[in-house]
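If you're matching positions, the sequence shown starts at -6 in our numbering and goes up one per residue.
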Amino acid sequence: MPAPVVILEKRGLVGLITLNRPDALNALSTRVMDELTAHIRTCEADEQIGCMVLTGTGRAFAAGADIKEMADKGYADALLEDFITRNWEEATRCRKPIIAAVNGLALGGGCELAMMCDFILCSEAARFGQPEVKVGVMPGAGGTQRLSRSIGKSKAMEMCLTGRMMDAAEAERCGLVSRIVPAEGLVEEALRVATQIAELSRPIIYMTKEAVNRSFEVPLSEGVRFERRLAHTTFALEDHKEGAAAFAARRKPVYKHR
Ligand code: CAA
């Protein structure tokens, strides 16, 4: 039985998923993506888990799609297998939040995978880039779309056309990452934040995530209307009453996720 290339550990209310192919800088082979997809689904189905953290072992988060695996494929192979995108979008399909804890290189598909997560914490060692053009391909897992929405056209275009890497400070400055955390405490901090989220009302977390994501898809007036509809529905939840009651009683709320 070969060692898993993606590891899932349960840390209380959080599913910690670690890409574990350090010798290949966690390159995202078919096997990696299959195992990652299975773990995300396991976490999504596990009632105890309320949030996930995705990170990598070694000096990379992930250095992109597996170039060696891509080398022999022709156009028909890529099209018929739906190569790259076949199951790469799983992180965007699940309703539980996923925090990317980017510990090192996040290149090509690695940067795209991090951007599919709900937000990115990174260490000072993080480097982000879309270097696909340098190896005769182009971003194929949302890089041209999510990067430009995240950091604006000019920077995204420069990154995609030149393949240059961005360091952690620049990534924080332009809003690609939410925060930089010292390397030795990165995963612990991501787990702490994930636990905080997992302790909140799950229906409200699901709705809030859905509403923020909606802002990237629809005009402002539609987005605001969608948000208001969801916000009104939260009044029907037991957790809504519990939140208000706990606030008034100056105690910690105990949510039933109902
Ligand atoms: N695919 C397969 N193997 C990879 C890889 C990748 N994307 N990135 C690194 N590796 C492997 C290397 O081949 C090497 O393995 P061997 O020791 O067996 O030769 C090992 O990881 C270590 O890498 P390096 O020796 O190259 O390490 P380095 O420090 O000298 O360089 C690097 C680091 C600059 C990241 C360099 O490895 C590199 O340029 N990697 C490719 C990055 C890239 O182009 N990513 C985009 C891929 S295409 C894509 O992702 C398409 C998409 O949109 C989904």
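For glycine and all other residues, C-beta sits at the position ideal for the given N, C-alpha and C.
Everything numeric in this text was worked out from a predicted model, so none of it was measured.
What's the gap between the Cα of residue i and the Cα of residue j?
i	j	result
Ala161	Val174	10 Å
Ile91	Ile0	15 Å
Ile168	Lys66	Before going on, a small fix: residue 168 reads as Gly here, not Ile. Gly168 and Lys66: Cα-Cα distance of roughly 35 Å.
Thr50	Leu18	8 Å
Ala238	His250	15 Å
Gly178	His32	24 Å
Met200	Gly216	13 Å
Leu184	Trp81	23 Å
Leu100	Gln138	15 Å
Leu9	Met45	6 Å
Arg105	Leu98	With the sequence shown as reference, residue 105 is identified as Glu, and Arg is not the correct amino acid for it. When rounded, the distance between both Cα atoms is 12 Å.
Val247	Glu203	23 Å
Asp59	Leu21	5 Å
Ala94	Val130	26 Å
Pro196	Lys61	42 Å
Gly(-2)	Asn13	Here the sequence assigns Val to residue -2, which means Gly is not the residue at that position. Approximately 5 Å, taken between the alpha carbons.
Leu72	Thr78	10 Å
Ser147	Val170	17 Å
Ala176	Ala118	7 Å
Asp75	Gly133	11 Å
Ala55	Ala187	21 Å
What residue does the alpha helix (DSSP H) around residue i start on, and which one ends it?
i	result
Ala187	Leu179 to Ala191
Thr137	Gly136 to Ile144
His233	Glu231 to Ala241
Arg86	Glu83 to Arg86
Where does residue i sit, in a helix, a strand or coil, going by DSSP?
i	result
Phe76	coil
Glu37	helix
Ala224	helix
Leu21	strand
Ala58	strand
Tyr199	helix
Ser214	helix
Ala(-4)	coil
Phe219	helix
Tyr246	For clarity, residue 246 is Pro in the given sequence; the question names Tyr instead. Reduced to three states, the DSSP call for Pro246 is coil.
Cys104	helix
For residue i, which residues does DSSP report across the bridge?
i	result
Met159	Phe121
Ala53	Leu98
Glu2	Leu9
Leu114	Ala94 and Arg172
Leu47	Ile10 and Ala93
If we count Cβ pairs, one from each stretch, closer than 8 Å, do we get three or more for the segment 151 to 159 versus the segment 203 to 222?
no
Could you tell me whether the segment 186 to 202 touches the segment 86 to 101, where touching means 3 or more Cβ pairs closer than 8 Å?
yes
Examine the Cβ distances between the segment 19 to 29 and the segment 109 to 121 and report whether three or more of them are shorter than 8 Å.
no
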